[in-house]
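Student: Going down the list, the sequences are from chains A and B. Numbering follows my numbering, with no gaps: position 38 of the first sequence is 51. Numbering follows my numbering, with no gaps: position 18 of the second sequence is 31.
2 protein chains.
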Amino acid sequence: MQQGIQLILDNISKIVSLTKEEQDLFVSKLQYLEYKKKEFFLHEGQFSNELNFIIEGCVLVFYTDHTGFSHLIQFAIEDWWVGDIASSTHNIPTQLNIQAVEKTKVLRISKEDLEYLFEAIPKLERFFRILLQKRVANLQQRIISSLSKTATERFLEFRAQYGFLENRITQLQIASFLGVTPEFLSMIRRKLNSTNK
Amino acid sequence: MQQGIQLILDNISKIVSLTKEEQDLFVSKLQYLEYKKKEFFLHEGQFSNELNFIIEGCVLVFYTDHTGFSHLIQFAIEDWWVGDIASSTHNIPTQLNIQAVEKTKVLRISKEDLEYLFEAIPKLERFFRILLQKRVANLQQRIISSLSKTATERFLEFRAQYGFLENRITQLQIASFLGVTPEFLSMIRRKLNSTNK
DNA sequence: CGAAAATTTGACATGACTCAACTGGAGTGG
DNA sequence: CCACTCCAGTTGAGTCATGTCAAATTTTCG
Numbered sequence: 014m015q016q017g018i019q020l021i022l023d024n025i026s027k028i029v030s031l032t033k034e035e036q037d038l039f040v041s042k043l044q045y046l047e048y049k050k051k052e053f054f055l056h057e058g059q060f061s062n063e064l065n066f067i068i069e070g071c072v073l074v075f076y077t078d079h080t081g082f083s084h085l086i087q088f089a090i091e092d093w094w095v096g097d098i099a100s101s102t103h104n105i106p107t108q109l110n111i112q113a114v115e116k117t118k119v120l121r122i123s124k125e126d127l128e129y130l131f132e133a134i135p136k137l138e139r140f141f142r143i144l145l146q147k148r149v150a151n152l153q154q155r156i157i158s159s160l161s162k163t164a165t166e167r168f169l170e171f172r173a174q175y176g177f178l179e180n181r182i183t184q185l186q187i188a189s190f191l192g193v194t195p196e197f198l199s200m201i202r203r204k205l206n207s208t209n210k
Numbered sequence: 014m015q016q017g018i019q020l021i022l023d024n025i026s027k028i029v030s031l032t033k034e035e036q037d038l039f040v041s042k043l044q045y046l047e048y049k050k051k052e053f054f055l056h057e058g059q060f061s062n063e064l065n066f067i068i069e070g071c072v073l074v075f076y077t078d079h080t081g082f083s084h085l086i087q088f089a090i091e092d093w094w095v096g097d098i099a100s101s102t103h104n105i106p107t108q109l110n111i112q113a114v115e116k117t118k119v120l121r122i123s124k125e126d127l128e129y130l131f132e133a134i135p136k137l138e139r140f141f142r143i144l145l146q147k148r149v150a151n152l153q154q155r156i157i158s159s160l161s162k163t164a165t166e167r168f169l170e171f172r173a174q175y176g177f178l179e180n181r182i183t184q185l186q187i188a189s190f191l192g193v194t195p196e197f198l199s200m201i202r203r204k205l206n207s208t209n210k
């Protein structure tokens, strides 16, 4: 866990700088947790009241539609933040599932503690404001891609941006992220190999 | 303009409450602007350093791809905030265009002033943090729809959520928002009418 | 090693796009 | 107030991208 604390403080200090006291206060609110492979952080229908910082491992955030198909909204690996903002902002049960795909270690902070910390340390609120701005930019980019690009182009974009994930998650999950069937993704890969290899 | 000031203060007070002095300071940084129908707030390639609050009118935010097609990312009407977060967060030229579709009145605040205000009035930073959370929730929902729904379903969802816009913007723009061709949207509408009327 | 899951393949079906032609307002200028 | 143009919207035929289903193959992992 100790190295996790260092990781999270470094993560924050890339954007705002906290004093020693502020860091200690912040750290005092963190809870350390481990999840086994395939274990769930959050199931749809629950209320989400936490924010998680991944120290080690990898998690998927996905939505299951009425026909039972899963759609991958987001993934997160070490040094990333993950939570269901919609559920905790609006106080509604979540539509999302968050699941570990590997053994995963996280630091968790509750919504109440976070609100308390925002009062006590305004710089922390700034940190999350900036994090959210980046997330908005990222989601917007994804919408642009889904509106203007073909599946093959989206796959190449995925590789360029998240290539380091290609052997940590399955083709099925990549397909679900891109919004295509696994069969079709398989065909895309075959074509790319024969053309480009 | 006077009624615009009231509108923006009311908009903020739904989430945080400012003192009279804070309100005055905030208001002192606002710039009032009017745009004619079809006029641009922002052209792709420019740097975006402002945030706009619409007092009256309607604007579209769109992306133009390499083949010259436009894709509608977002629209905004009175009582909404609009700007290019990606460009101003990362200090990069924008990929987006923002254009008035009607005569539009806005209150604008520069990035510098906003940063100054965040220091002076932490509650204001909270306000924008919460606004961003809502935006993230909204964008995420749109991604869920684009991954899991058919064009017809997305059109019905658009109507349910943004029906009040249906006669302020064109079919072409709606098609571009949904990510389909105007021809195909026309067919969807015809089918819905014959089935459901 | 063997079972279950992931990936691939191929035949066929369909949602959505392209292109070209047509229709019907909404300006605009004379 | 008419004639003209222009652009949004519609239609239809043909095509392409992507999905469905079922089966074969490979990989993973207990």
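Think of the CB as a built atom: it goes at the ideal place given N, C-alpha and C, for glycine as much as any other residue. Here the structure is a predicted model, which means the values were calculated and not measured.
Quick one: is H84/A near chain B, going by C-beta distance under 7 Å?
Tutor: Your numbering for residue 84/A matches position 71 in the first sequence. By this cut-off, H84/A is an interface position.
Student: Mind checking whether S207/A and H84/A have CB atoms under 7 Å apart?
Tutor: As a first step, residue 207/A must be located in the first sequence, where it is residue number 194. As a first step, residue 84/A must be located in the first sequence, where it is residue number 71. No. Outside cutoff.
Student: Only counting the same chain, and skipping five residues up and downstream in sequence, which positions put a Cβ closer than 6 Å to that of V193/A?
Tutor: Numbered from its first residue, the first sequence carries residue 193/A at position 180. Same-chain partners within the cutoff: A164.
Student: Rounded to a whole number of angstroms, what is the C-alpha to C-alpha distance between S100/A and I134/B?
Tutor: For this step, residue 100/A is matched to residue 87 along the first sequence. For this step, residue 134/B is matched to residue 121 along the second sequence. S100/A and I134/B: Cα-Cα distance of roughly 27 Å.
Student: Got a sec, what are the start and stop residues for the beta strand (DSSP E) Q146/B sits in?
Tutor: As a first step, residue 146/B must be located in the second sequence, where it is residue number 133. Careful: Q146/B lies outside any beta strand (DSSP E), inside the alpha helix (DSSP H) at P135 to S161.
Student: Would you verify that the beta carbon of R121/A is, or is not, closer than 7 Å to some beta carbon of chain B?
Tutor: Here residue 121/A is taken as the residue at index 108 of the first sequence, counted from 1. Not an interface residue.
Student: What are the boundary residues of the beta strand (DSSP E) that F75/A is part of?
Tutor: Position 62 of the first sequence, counting from 1, holds the residue named residue 75/A. Per DSSP, F75/A belongs to the beta strand (DSSP E) from C71 to T77.
Student: Kindly list, in the order they appear in chain A, the residues whose Cβ is closer than 9 Å to that of T102/B.
Tutor: Here residue 102/B is taken as the residue at index 89 of the second sequence, counted from 1. I143, Q146, K147, V149 and A150, listed in chain order.
Student: Tell me which residues of the segment 160-186 of chain A have at least one Cβ-Cβ distance to chain B shorter than 9 Å, keeping chain order.
Tutor: Against chain B - using a Cβ distance shorter than 9 Å - the residues of the segment 160-186 of chain A are L160, S161 and K162.
Student: Spell out the partners DSSP gives F66/A in its beta bridges.
Tutor: In the first sequence, the residue the question calls residue 66/A occupies position 53. W94/A and L120/A.
Student: Based on the DSSP output, what are the partners of S247/B in its beta bridges?
Tutor: Not covered by the structure: residue 247/B. The range shown for chain B is 14 to 210.
Student: Going along chain A, which residues have a C-beta under 7 Å from P106/B?
Tutor: Indexing the second sequence from 1 puts residue 106/B at position 93. Within 7 Å Cβ-Cβ: nothing; P106/B doesn't reach chain A, min ~14 Å.
Student: Quick check: I86/A and V74/A, are their CB atoms within less than 7 Å of each other?
Tutor: Position 73 of the first sequence, counted from the start, is the residue given in the question as residue 86/A. Position 61 of the first sequence, counted from the start, is the residue given in the question as residue 74/A. A contact, by the Cβ cut-off of 7 Å.
Student: For the beta strand (DSSP E) containing E47/A, list its first residue and its last residue.
Tutor: Indexing the first sequence from 1 puts residue 47/A at position 34. Per DSSP, E47/A belongs to the beta strand (DSSP E) from Q44 to Y48.
Student: According to the neighbour-count rule (16 or more other Cβ atoms, all chains shown, within 10 Å of its Cβ), is A173/B buried or exposed?
Tutor: One-based indexing of the second sequence puts residue 173/B at position 160. Result: exposed.
Student: By the criterion of Cβ-Cβ separation under 8 Å, what are the contact partners of E138/A in chain B?
Tutor: Translated into the one-based positions of the first sequence, residue 138/A becomes position 125. Within chain B, the residues near E138/A are P135, E138, R139 and R142.
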